[in-house]
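So the protein sequences, as listed, match chains A and B. FYI, in this note's numbering the residues of the first sequence are 706 to 1098. FYI, in this note's numbering the residues of the second sequence are 5 to 194.
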Amino acid sequence: MAIVLTGFGVQSPLGCGFPESMETLRNGRPCVEDIQNYDTEGYEIRAAGEVRCGGEVVKTPREIDRKIFFLDRALRELSLNTGFSQRYGPNEVMLNIGAGVDYFDAAAFSDQAAFHHKTARQIREVARKWHLEAGTHIFASACTASAHAIGFSCRLLRRGLATVVVSGGIESMISHVNYLGFYLLGALSRSDDPAPYKCKPCDLRSTGTILGEGAVVMLLERSEKVSDPASILAEIVGYGCTMDAYAVTDPDPSGVPAAEAVRQALDDAGIGPEQIDCVHLHGTGTSKCAPAEYNTLRLVFGEKRASEIPVYSMKGQVGHLIAACTAIEMLGVVYSLEHQVVLPTVNFSEPDPRAPLNVVKDRPLSMPIRYVLKLNSAFGGHNTALIIKKWEK
Amino acid sequence: MRGVFHRFEAGEEILDPGSLRNGKLFKYYNRETMAAVATAASLFSETPPPADTPFFYATGETESCKFFELIRQKVDCENFSSRFYVDEILPRISPLVQFKMMRNMVSCMVAIENGLKGDNNLILDSASALLYAALSSPYSGEVIIGAGKMYADEVVECGFAFVLPSELAGHRMLGSDSLAIDFFREEAWR
């Protein structure tokens, strides 16, 4: 029995819908510009990866929590594309989703209800609307929230604790309170290059990350329940997660706990590290991320192969979708498996000597790809590893 | 199953920073973090868990934020603008506020304080998700589950337990909309 991914619903900087998003991945168009959805007068930094349709930023009134708005639209696409609501009863479809911080409407400080948009309550309402009635489970581990949601879903499906799962992640921190709050943490890119702004994963000149937003949902099923095998996009074969228990803001630089997450995922998949063909990194563009990820790979693959195995980060192109980052980055994994290429990391040009990784640049690297390792980590020390396999049956 | 449940009243001192192994991190603690670290300590006092013990924690939906209450008192919403926010509000915000608002900081601080490095998850609200997380963990022994809830009046409730995943099979809260904190409030060892 295999756990397979059979469809996406996508509202993201890459585009609205799975086909548009895959095309934007293919053409490598940077999706980060100045914030357009609201006035940012006075902002020192104003770059973000906002959700786009046909290249245009999707604008919403300030009263709307954008991550919930996009979740609704992504579920509509997923339902249309996969027909899950026709193939399964409402009590069989579970929603396991990573979600970001609450939305606060800064212009409504005086009205508590209008000011504070609570996340869990809103997600449950959307789940009811789409008849996802086998349980709504929300994960909130920041940058690993959607990885936790996907890994949790695989465990439940494998153990027969769920019949079918809609998983993924939603996020929008592109608002006065949350964007500027993140700015205060000092993690945003301070690149003074002209637009499009530069989140530069693994690059010597990286100065920080850039926020993105969106909702990416996917249908996870047991292979024997799939009515049309041609719809299978990939198989999720391994999952592991650990905690650093090290620091609040920095990853454990040794990479030891993250490497343990990879080892768990390899054990779960029943494969050895030599079978991994490429690695899709967390790759935030912050100064401590790349060295920690390099050390993780060094522990897993050995020093020589850690510098040889092709790696990729999507965040240069779309920014950091925080609670939805793994979900959107699964599109890159599916792209690699479908087209047998590792995409170039947008904005990468000069390697960071502290992290001598084989970052693909300039053009896609064609190669046989059977297994992809997907890494993510979060503020506070969560590490996740997913192993995704090309569907071959 | 062995567990603890504590309720801390508004204004009640929850934790002595001097008792922490990592006291310098106390500045990042909100009241739920204090409650979680204190409650975990009371559970772990007799049996410190091995570092690889899975740890699953559910935090409650945010009910209020003292920081925003302070801001609200000082803001003229009639004249709101981006420039106003940047000039008048942003300077009042400490970066520490962001850490206190990040939901995963509670479980991360418990992990740091107790050296927990194993399988984990951070759940919002749901007892079902918390119990499923424990039930589906590949770990063969006892796992740690916890939940906290800070109410609008700053009362905090928190529970922690060691459980064998098999003890949770068929639990009535699986698949329900129950809050995770209710699991601990309702258990007999309260």
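Glycine included, each C-beta is placed from N, C-alpha and C at the ideal position.
Indicate whether at least one CB of chain A lies closer than 9 Å to the CB of residue i.
i      : result
C112/B : yes
A44/B  : no
G179/B : yes
A14/B  : no
F48/B  : no
M154/B : no
I116/B : yes
S170/B : no
V90/B  : yes
G122/B : yes
I127/B : yes
F187/B : no
F166/B : no
L19/B  : no
L139/B : yes
S144/B : no
Which residue's Cα is closest to the Cα of residue i: the options?
i       : options                             : result
E797/A  : G805/A, V806/A, E926/A and E746/A   : E926/A
V1179/A : N786/A, C859/A and I828/A           : Within the shown structure, residues of chain A are numbered from 706 to 1098, placing residue 1179/A beyond reach of any answer.
S717/A  : A970/A, C1030/A, S894/A and T1001/A : C1030/A
A40/B   : T63/B, A14/B, G174/B and E13/B      : T63/B
K741/A  : E761/A, M878/A, S877/A and C907/A   : The question names Lys, but residue 741/A is Gln in the sequence shown. Among E761/A, M878/A, S877/A and C907/A, the Cα nearest to that of Q741/A belongs to E761/A.
H842/A  : W835/A, M799/A and I875/A           : M799/A
A198/B  : S140/B, E65/B and F164/B            : An answer regarding residue 198/B cannot be provided, because it is not within the stretch 5 to 194 covered by chain B.
D1057/A : V942/A, H836/A, H1044/A and A995/A  : A995/A
A14/B   : V147/B, V160/B, F88/B and M177/B    : V160/B
I93/B   : G886/A, T954/A, D957/A and M1072/A  : G886/A
P195/B  : A892/A, P934/A, A966/A and A935/A   : For residue 195/B there is no data in the structure shown, the boundaries of chain B being 5 and 194.
A818/A  : L47/B, T37/B, L24/B and E67/B       : E67/B
L909/A  : P1061/A, V709/A and L730/A          : P1061/A
Q980/A  : A997/A, A1032/A and K1095/A         : K1095/A
Do you know offhand how far residue i's Cα is from residue j's?
i       : j       : result
T947/A  : D123/B  : 5 Å
G1007/A : E1034/A : 25 Å
F30/B   : Y61/B   : 19 Å
A900/A  : G919/A  : Because A900/A sits at a pLDDT of 47, beneath the cut-off of 50, its placement in the model cannot be relied upon, and the following sentence gives the value as read from the coordinates. Roughly 21 Å separates the two Cα atoms.
L1002/A : A963/A  : 9 Å
N134/B  : G747/A  : Contrary to the premise, residue 134/B reads as Leu rather than Asn in this sequence. Their backbone Cα atoms lie some 42 Å apart in a straight line.
R863/A  : K1079/A : 19 Å
V167/B  : K121/B  : 18 Å
K903/A  : I915/A  : 8 Å
L924/A  : V870/A  : 6 Å
P795/A  : N125/B  : 26 Å
R778/A  : G714/A  : 8 Å
G803/A  : R731/A  : 26 Å
A950/A  : Y944/A  : 20 Å
C196/B  : V953/A  : What is shown of chain B runs 5 to 194, which leaves residue 196/B out entirely.
T89/B   : H881/A  : Going by the sequence as given, residue 89/B is Tyr instead of Thr. Using only the alpha carbons, I get a separation of about 8 Å.
E73/B   : P766/A  : 24 Å
M727/A  : L719/A  : 8 Å
Could you tell me whether the Cβ of residue i comes closer than 9 Å to any Cβ of chain B?
i      : result
G943/A : no
E965/A : yes
T745/A : yes
R927/A : no
H987/A : no
A900/A : Unreliable positioning characterises A900/A in this predicted model, as indicated by a pLDDT of 47, which lies under 50. The coordinate reading is nonetheless provided below. No, A900/A lies away from the interface with chain B (no Cβ there is under 9 Å from its Cβ).
F820/A : yes
D770/A : no
Q969/A : yes
K764/A : no
D807/A : yes
I879/A : no
S932/A : no
Just the chain D side, please: which residues come within less than 7 Å of residue i by C-beta, in chain order?
i     : result
P99/B : Among the chains of the structure shown, chain D does not appear; the protein chains present are A and B.
Exercise. Given 8 Å as the limit, is there contact between the stretch 111–130 of chain B and the stretch 1079–1095 of chain A, that is, 3 or more CB pairs closer than that?
Worked result: Result yes; three or more Cβ-Cβ pairs closer than 8 Å.
Problem set entry | Stretch pair the stretch 1015–1022 of chain A + the stretch 1041–1057 of chain A: three plus CB contacts closer than 8 Å | A contact exists between the stretch 1015–1022 of chain A and the stretch 1041–1057 of chain A.
Problem set entry | Any 3 or more C-beta pairs closer than 8 Å across the stretch 847–865 of chain A and the stretch 778–795 of chain A | Of all C-beta pairs linking the stretch 847–865 of chain A to the stretch 778–795 of chain A, fewer than three are shorter than 8 Å, placing the two stretches out of contact.
Exercise. Is there contact here, the stretch 813–829 of chain A with the stretch 766–778 of chain A, by at least three beta-carbon pairs under 8 Å?
Worked result: A contact exists between the stretch 813–829 of chain A and the stretch 766–778 of chain A.
Problem set entry | Three or more C-beta pairs below 8 Å linking the stretch 100–108 of chain B and the stretch 151–159 of chain B | Contact between the stretch 100–108 of chain B and the stretch 151–159 of chain B is not established, with fewer than three Cβ pairs separated by less than 8 Å.
Exercise. With a cut-off of 8 Å, do at least 3 Cβ pairs link the stretch 1038–1049 of chain A to the stretch 991–1001 of chain A?
Worked result: Taking a cut-off of 8 Å for Cβ pairs, the stretch 1038–1049 of chain A and the stretch 991–1001 of chain A do not touch, as fewer than three such pairs fall below it.
For this session: Take every Cβ of the stretch 81–92 of chain B, pair it with every Cβ of the stretch 799–819 of chain A, and state whether three or more of those distances are shorter than 8 Å.
Result: Output reads yes: the stretch 799–819 of chain A touches the stretch 81–92 of chain B.
Problem set entry | Cβ contact (3+ pairs, closer than 8 Å) linking the stretch 16–30 of chain B and the stretch 130–146 of chain B | Contact between the stretch 16–30 of chain B and the stretch 130–146 of chain B is absent, because fewer than three Cβ pairs lie under 8 Å.
Exercise. Which runs of the beta strand (DSSP E) fall wholly inside the stretch 993–1069 of chain A and span at least 3 residues, in chain order?
Worked result: Listed in chain order, the complete beta strand (DSSP E) runs (minimum 3 residues) inside the stretch 993–1069 of chain A are 1015–1017.
For this session: Jot down the residue ranges of each uninterrupted beta strand (DSSP E) in the stretch 808–862 of chain A, minimum 3 residues, whole runs only, in chain order.
Result: For the stretch 808–862 of chain A, whole beta strand (DSSP E) runs of length 3 or above, ordered along the chain, are 841–844.
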